[in-house]
Amino acid sequence: MHAANLPPDALRERAAQRANYYERIGTRHMTPLWEVLGALVPTQPRSPVQAALWRYAELREQVIEAGRLITAEEAERRVLILENPALRGQSSITQSLYAGLQLILPGEVAPAHRHSQSALRLVLDGEGAYTAVDGERTTMRRGDFIITPAWTWHDHGNLGDQPVVWLDGLDIPIVRFLDAGFAEKSEQHSQVTQRPEGDALARYGANMVPVDYQPRPAEPTRVFVYPFERTRASLKAIAGGTPDAHHGHKLRYVNPATGASPMPTIGAFAQWLPRGFETRPYRCTDGTVVVCLEGEGEAKVGGQTWRFQENDIFVVPSWHALQLRADRDSLLFSFSDRPVQQALGLWRDERL
Ligand code: 1HN
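In terms of this note's numbering, the sequence shown opens at residue 314 and continues consecutively.
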């Protein structure tokens with residue numbers, strides 16, 4: 314008999330029988346699919362992630378205070394994690410990604426280590442720091458996008474006279490989900506450099522590669538720094554053309570030897586929105602972290618609207634419509650797990 318036709322007594326009786334049954338099978342570590350099927354297989358993504366924005370003025374103040382409380386040495390990495398408001402305690406900004414703001418003060422060293430997690434840095438503030446990746450240093454300049462692929466040795470230092478702040482993005486939640494994390498500390502505090510600065514960019518980042526180099530599939534790029542100067546010049550050069558209605562002028566960073574994303578788990582993008590331009594709403598399945606490197610404007614994410622300016626950071630959850638408006642010429646950097654979703658045949662987007 315259909316539930317709607319049962320008298321109230323019978324309905325109550327049946328609910329009690331089911332509850333009793335669920336409890337008995339529960340003691341044997343079983344649970345009924347029919348109670349959770351809709352949530353397990355939603356008709357479209359219903360991310361628990363919350364749209365959120367962090368203003369750099371506040372971030373900077375807080376991270377500078379951390380500089381008075383703990384040294385880079387003691388902390389190993391002096392970082393304030395940006396936790397999604399709906400994922401507190403999980404060290405995650407989206408379900409798949411970690412983000413944090415790192416500070417290194419003049420004279421400090423963040424000692425060499427390596428781990429299975431892949432990392433990116435986006436330099437936000439200050440001059441004079443460097444990162445070393447597998448034996449090569451790169452000077453960190455504002456807007457530079459620097460990667461430390463999985464299992465590469467990396468350390469940072471500040472040889473200048475200013476605090477240097479950057480955004481870290483890592484695939485920590487992905488590696489945690491897969492239970493595939495390893496890490497080790499180096500005996501070398503700071504890596505001994507094996508090649509001069511600029512070597513990787515000269516060999517792999519000038520539309521050429523060493524004659525016998527054949528990248529393995531999914532190998533991260535040997536180019537570990539994408540200088541802001543070059544990114545900006547490319548965007549400026551194309552900015553005279555007609556912007557895409559949903560993206561403005563948007564490029565994705567690639568491994569120049571393969572066309573794939575710089576690292577297998579994290580995709581990164583740079584976007585130019587001319588002053589006065591407003592994008593049409595767009596959504597995609599990769600929850601995305603966005604940083605304003607230049608300009609200012611307004612972002613609408615789902616039902617929320619924020620103003621953004623330089624170095625502000627916001628997160629767009631999976632399948633939330635995003636609409637951007639630039640009130641000055643604006644340059645936005647963003648990163649997401651898109652290459653993972655694409656490799657698995659999961660990625661979708663929609664132009665609204
Ligand atoms: C890490 O190695 C760095 O190298 C930053 O700067 C943040 C967060 C978790 C695990 C490793 C870095 C990190 C991290």
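In this text, a Cβ means the ideal position worked out from N, Cα and C, and glycines have one as well. From a predicted model like this one, the values you see are computed outputs, not experimental measurements.
Can you tell me whether W479 is buried or exposed, with buried defined as 16 or more other CB within 10 angstroms of its CB? Stepping through the sequence shown from its first residue, residue 479 is reached at position 166. Buried is the call here.
If you check the beta carbons only, do R434 and I459 fall under 8 Å apart? Residue 434 sits at position 121 when you count from the first residue of the sequence shown. Residue 459 sits at position 146 when you count from the first residue of the sequence shown. Yes, Cβ-Cβ distance for R434 and I459 is below 8 Å.
How would you call I551, buried or exposed, if buried means at least 16 neighbouring beta carbons within 10 angstroms? Numbered from its first residue, the sequence shown carries residue 551 at position 238. Here I551 is exposed. Its C-beta has fewer than 16 other C-beta atoms within 10 Å.
Suppose the cutoff is 6 Å on Cβ atoms and the five residues either side in sequence are ignored; what does the same chain contact list for R455 look like? Residue 455 sits at position 142 when you count from the first residue of the sequence shown. Answer for R455: V436, listed in chain order.
Cβ-Cβ distance between S431 and L395 below 8 Å: To locate residue 431, count along the sequence shown from 1; it is residue 118. To locate residue 395, count along the sequence shown from 1; it is residue 82. No, the Cβ-Cβ distance between S431 and L395 is not below 8 Å.
Using 8 Å for Cβ pairs, my map puts A399 next to V362. What's the rounded Cβ distance? Walking along the sequence shown from the start, residue 399 turns up at place 86. Walking along the sequence shown from the start, residue 362 turns up at place 49. With 8 Å as the limit, A399 and V362 qualify as a contact, their Cβ atoms being about 6 Å apart.
Should I485 be counted as a contact of the ligand 1HN given a C-beta to heavy atom distance under 7 Å? As a first step, residue 485 must be located in the sequence shown, where it is residue number 172. Within the cutoff, so yes.
Is it the case that the Cβ atoms of S415 and W466 are separated by a distance below 8 Å? Translated into positions along the sequence shown, residue 415 becomes position 102. Translated into positions along the sequence shown, residue 466 becomes position 153. For clarity, residue 415 is Gln in the given sequence; the question names Ser instead. Contact flag unset, no.
Backbone secondary structure at A385 - three-state DSSP: Translated into the one-based positions of the sequence shown, residue 385 becomes position 72. Helix.
So the candidates are R596, Q654, R373; which of them puts its Cα closest to the Cα of L665? Against the sequence shown, residue 665 aligns to sequence position 352. The shortest Cα separation from L665 among R596, Q654, R373 belongs to R596.
Measuring CB to CB, does T592 end up less than 8 Å from H560? By one-based count along the sequence shown, residue 592 stands at place 279. By one-based count along the sequence shown, residue 560 stands at place 247. Judged by their CB atoms, T592 and H560 are nearer to each other than the 8 Å cut-off.
May I ask you to verify whether the region 365–378 touches the region 319–339, counting CB pairs closer than 8 Å and requiring at least 3? no
Which residue or residues does DSSP assign as beta-bridge partners of A583? Along the sequence shown, read from residue 1 onward, the residue named residue 583 stands at position 270. L564, F646.
Grouping DSSP H, G and I as helix and E and B as strand, with all else coil, what is E500? As a first step, residue 500 is located in the sequence shown; it is residue number 187 there, counting from the start. Coil at E500, not helix or strand.
For Y334, count neighbouring Cβ atoms within 10 angstroms of its own Cβ and tell me buried if that reaches 16, exposed if not. By one-based count along the sequence shown, residue 334 stands at place 21. Classification of Y334: exposed, given that the 10 Å Cβ count is below 16.
Could you tell me which of P530, N397, T555, L514 sits nearest to P540, measuring between CA atoms? Sequence index remark: in the sequence shown, residue 540 carries index 227 (1-based). Closest option to P540, Cα to Cα, is L514.
CB contact below 8 Å: V524 versus chain D: The chain labelled as chain D is not found in the depicted structure, where only one protein chain is given.
Note the first and the last residue of the continuous beta strand (DSSP E) segment covering Y603. For the purposes of this step, residue 603 is taken as the residue at position 290 of the sequence shown. Here residue 603 turns out to be Val, not Tyr, going by the sequence shown. In this chain, the beta strand (DSSP E) harbouring V603 covers 601–607.
I think R391 touches G380, with their Cβ atoms under 8 Å apart; what is that distance to the nearest whole Å? Residue 391 sits at position 78 when you count from the first residue of the sequence shown. Residue 380 sits at position 67 when you count from the first residue of the sequence shown. That pair is a contact at about 7 Å.
First through last residue of the beta strand (DSSP E) which encompasses V488: Start at 1 with the first residue of the sequence shown, and residue 488 comes out as number 175. Not the beta strand (DSSP E): V488 falls in the alpha helix (DSSP H), residues 485–490.
Beta strand (DSSP E) runs wholly inside the region 324–379, at least 3 long, in chain order: 365–367
What's the gap between the Cα of G600 and the Cα of R651? The sequence position of residue 600 within the sequence shown is 287, counting from 1. The sequence position of residue 651 within the sequence shown is 338, counting from 1. Linking G600 to R651 through their CA atoms gives a straight-line distance of about 8 Å.
Using the beta-carbon count (16 or more within 10 Å), is D492 buried or exposed? The residue given as residue 492 occupies position 179 in the sequence shown. Exposed: under 16 other Cβ atoms inside 10 Å.
Buried versus exposed, by CB contacts within 10 Å (16 or more), H502: Mapped onto the sequence shown, residue 502 falls at position 189. Exposed, since its Cβ has fewer than 16 Cβ neighbours within 10 Å.
Quick one: Cα of P486 to Cα of L319, how far? The count along the sequence shown starts at 1 and reaches residue 486 at position 173. The count along the sequence shown starts at 1 and reaches residue 319 at position 6. Distance between the alpha carbons of P486 and L319: 47 Å.
Expressed to the nearest angstrom, what Euclidean distance is found between the alpha-carbon atoms of R545 and A558? As a position in the sequence shown, residue 545 is number 232, starting the count at 1. As a position in the sequence shown, residue 558 is number 245, starting the count at 1. The straight-line gap from Cα to Cα measures roughly 20 Å.
Since T544 is in the alpha helix (DSSP H), which residue starts that stretch and which ends it? The sequence position of residue 544 within the sequence shown is 231, counting from 1. First-last of the alpha helix (DSSP H) with T544: 541–551.
R661: CB within 7 Å of a non-hydrogen atom of the ligand 1HN: Start at 1 with the first residue of the sequence shown, and residue 661 comes out as number 348. It does not: the Cβ of R661 is nowhere closer than 7 Å to a heavy atom of the ligand 1HN.
How should R341 be labelled, buried or exposed, when 16 other C-beta atoms within 10 angstroms of its C-beta is the threshold for buried? The count along the sequence shown starts at 1 and reaches residue 341 at position 28. Counting Cβ neighbours within 10 Å, R341 comes out exposed, since fewer than 16 surround it.
Taking the C-alpha atoms as reference points, what is the distance between P424 and E389? As a working note, residue 424 is residue 111 in the sequence shown. As a working note, residue 389 is residue 76 in the sequence shown. So the alpha carbons of these two residues sit roughly 7 Å apart.
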